[in-house]
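Written out below as structure tokens is the structure these notes cover.
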Amino acid sequence: MILLVAFAFLAGIITVLSPCILPILPIILTSSVGGVHTGKARPVGVVTGFVISFTFFTLFLSTIVRLSGVPAETLRFASVVVIAGLGLSLLVPQFQVLVERLFSALAGFMPRSQGRTGFGGGLLIGFSVGLLWTPCVGPILASVISLAITGTVTFDAFLITLAYSLGTAIPMFLIMLGGQNALRRVPWLLANLGHIQKMFGVLMILTAVGIFFNVDRRFQTFVLNTFPQYGTGLTRFEDNELIRNQLDKKSGSETKKEDMGKPMFDLTEPKGVKAPEIIPGGVWFNSEPLTLEGLKGKVVVIDFWTYSCINCQRTLPYLRDWNEKYKDKGLVIIGVHAPEFEFEKSAKNVSQAIKDFDLTYPIVQDNDFSTWRAYNNRFWPAKYFIDKEGYVRYSHFGEGAYDESERVIQELLQEAGATDVSSKINNPTYQVNAKTPEIYLGYGRIEHFASPETIKRDTLGTYSTPAHVGDNQVAYDGAWNVMEEYANPQKGATLTLNFDAKEVYLVMRPARNVSQSDAGGTKGIPAKVKVYLDEKMQDFGEDNLNGIVTVDSDKLYKLINQSFPGRHVLRLEFEDNNAELFAFTFG
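For the sequence shown, our numbering begins at 8 and goes up steadily by one.
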């Protein structure tokens, strides 16, 4: 617990460097203006109000909205009005007098001379900022937000959120003190204090107007889309195994095997719980950036997938069909692409996969797993069905249950007022033919390895195939470079796999940084792989033509497609050094 609090405090401190601080920076800077004798009272008021507001609303906003029925946007609008009013008071002296009287009436213990320039004015500004600000969350804060969304607020969650807000308040306080010191020490600024005050008043009003029209959110999304690496390293220090283990213990979110296919959220009321918002920052395809708040009134299906996953690929025809049948009746499908392998983070690769799979619904990249963590997701694929008011009503993990899922879509659309959505449900029968589990080939996750040699990590090693390769086992033969995510066979190397399935798929790509002296050609040259099924080369069509697969892009290749499932031995021979092999999957 102490570790999580400490990391949350550090995360709060460094958030001042993130792009998410930019929308509220004008308000923080303006809070340092108010006269030569303002002192530390207002900065202290701002950070105090911010800490109280941010901690409270992060933990309890979902509960307040659910119990009171008051939309969160109403509270946001009230804060915008406060910010605009305080900006106006910097411009109009008469209005400033009225604001001072208001503060004196609300806080009789506070001398009128402090008025807006003192603690009370700062407290109101900080309270508004705490409600308006949406930080770039890391794993710790995302876990707390997920608990808050489900209504599960613990004392530990309170301490973590408080530590984060206190950490954030420190650089805010220093920024405001720096602004005050500059006003005192620079003669030109001091001489033009009246003009500077009015300028900041205009800036605060413009900021309030921008927040009202969601310009702050669009600006944040624009910055993150334009500079996708900006700020990503700031939360990476807390994304480690030690922190993840601590979060799992606190949240208890590990999904049991018997709960597969059931709703993930522990519903707190018949309608369900609020769906976490899509975390901004990823590249969007087929659409401008969307938010669940902006889709109120629509039925939304969030689909977590990754393009080289065969289990995900087999769900895509159903998603395409639902999109065509119901998109004009109020259904919006949003694919959240969370990459399993490093090459799947490439926007170019994802764009090509979207084109290859003929996907026309909106898709967003989630390379940092921000939205994935907000949903406490654990699986590819995973689908969350969200009603017109933004509540998660049903979820399903893995393949199957397509008829049940479509019935949920129809029911939610009818609740939203759609008509003629009760058409006959007739999805193709889902059948699993594979008895062999997914097999990874990099040393990071490899299992079922039959070669007698110990794997040499990140370097060239020589391996051999035993006389008998057991069920669902894989063996290397010859020279191989085995990396954490993938294995790179050298020319003449072979791979043997004992499997039980109807179809065999392999995630591969052309090797990177292959030099001419390696006899494998230059970087990007396609690889040639010979495919033997029970020691016979066969033409299965698609990627396997006359027993040869050409590896020319980063994707999932279909090696075997039999008429019936069964146990067989697959052998691959590599004619060059140019293939990188990631994982086998089966159908």
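Glycine included, every Cβ here is placed at the ideal spot set by N, Cα and C.
Smallest Cα separation from residue i: which of the options?
i	options	result
Gly301	Glu331, Val339, Cys319 and Val290	Val339
Lys334	Val308, Val476 and Ile317	Val308
Met206	Ile9, Phe134 and Pro33	Pro33
Ile59	Asp310, Ala170 and Leu93	Ala170
Leu184	Glu460, Ile90, Lys47 and Ile9	Lys47
Leu131	Val51, Asp394 and Leu210	Val51
Thr214	Val439, Ile167, Asn356 and Leu36	Leu36
Thr443	Gly407, Tyr409, Arg452 and Val481	Val481
Leu504	Asn479, Val136, Phe63 and Phe386	Asn479
Gly129	Arg49, Phe165, Pro517 and Glu491	Arg49
Arg574	Ile285, Ala508, Phe591 and Val89	Ala508
Ala408	Leu166, Val222 and Leu326	Leu326
Arg452	Leu588, Glu491 and Gly485	Glu491
Ile20	Asn434, Phe589 and Ile177	Ile177
Val6	Glu396, Gly127, Lys355 and Ala85	As shown, the chain starts at 8 and ends at 594. That puts residue 6 outside it, with no answer to give.
Ala354	Asp373, Pro473, Asn488 and Phe220	Asp373
Glu411	Ile432, Ile393 and Tyr398	Ile432
Asn330	Glu460, Val357 and Gln417	Gln417
Lys352	Ile341, Val371 and Ser172	Val371
Ala441	Thr322, Ile317, Val87 and Val193	Ile317
Gly288	Glu396, Phe67, Gln320 and Leu297	Leu297
Lys305	Lys395, Asp328 and Gly174	Lys395
Arg519	Glu349, Asp328 and Phe64	Glu349
Val415	Glu406, Lys390 and Val439	Lys390
Under three-state DSSP, which class holds residue i?
i	result
Leu419	helix
Phe547	coil
Phe16	helix
Met211	helix
Val439	coil
Met183	helix
Leu552	strand
Pro517	strand
Ser570	strand
Phe134	helix
Ile167	helix
Phe162	helix
Gly527	In this predicted model, Gly527 has a pLDDT of only 36, less than 50, meaning its place in the structure is not dependable; the value taken from the coordinates is given anyway. The answer is coil: DSSP assigns Gly527 none of H, G, I, E or B.
Leu448	coil
Ala85	helix
Leu173	helix
Thr298	coil
Thr613	Residue 613 falls outside the range modelled here, since the chain spans only 8 to 594, and no answer is possible.
Val99	coil
Asn495	strand
Asp273	Low confidence applies here, because Asp273 scores a pLDDT of 35, under 50, leaving its location unreliable; read the following figure in that light. In the structure shown, Asp273 sits in coil (DSSP, three-state: anything other than H, G, I, E or B).
Arg284	Before going further, note that residue 284 is Glu rather than Arg in the sequence given. DSSP places Glu284 in coil when its eight states are reduced to three.
Phe220	coil
Phe292	strand
Glu587	strand
Phe581	strand
Ala155	Because the pLDDT of Ala155 is 49, which lies under 50, any placement of that residue in the model is unreliable, and the number read from its coordinates should be weighed accordingly. Correct three-state label for Ala155: helix.
His202	helix
Ala114	Residue confidence is low: Ala114 scores 47 on pLDDT, short of 50, so the model does not pin down where it sits. Its coordinate-derived value is still stated next. It is coil, neither helix nor strand.
Cys319	helix
Going by DSSP, which residues form a beta bridge with residue i?
i	result
Ser402	Tyr391
Ala468	Correcting the residue identity first, residue 468 is Gly in this sequence and not Ala. Answer is Trp487, bridged to Gly468.
Thr576	Looking at the sequence shown, residue 576 is not Thr but Val. Asn505, per the DSSP bridge assignment.
Gly342	Asp310 and Ile370
Thr557	Lys535
Glu510	Asn568
Val481	Phe456 and Leu504
Phe364	In DSSP, Phe364 forms no bridge with anything.
Leu563	Val514
Leu32	Its beta-bridge partners do not exist; DSSP assigns none.
Leu540	Lys543 and Leu577
Quick one: is residue i near chain C, going by C-beta distance under 8 angstroms?
i	result
Val476	Protein chains in the displayed structure number just one, and chain C is not present.
* Asked: Just checking, does the segment 416 to 433 make contact with the segment 566 to 586 on the three C-beta pairs under 8 angstroms criterion?
  -> Flag = no, the segment 416 to 433 and the segment 566 to 586 do not touch.
* Asked: Touch check for the segment 342 to 352 and the segment 370 to 388: three-plus C-beta pairs under 8 angstroms?
  -> Short answer: they touch.
* Any 3 or more C-beta pairs closer than 8 angstroms across the segment 555 to 567 and the segment 509 to 521 -> Yes: at least three Cβ pairs fall under 8 angstroms.
* Check whether the segment 280 to 295 touches the segment 349 to 366, counting contact only when three or more Cβ pairs, one atom from each stretch, lie closer than 8 angstroms. => Output reads yes: the segment 349 to 366 touches the segment 280 to 295.
* **At least 3 beta-carbon pairs within less than 8 angstroms: the segment 553 to 562 vs the segment 532 to 544** => Cβ pair count under 8 angstroms is three or more, so yes.
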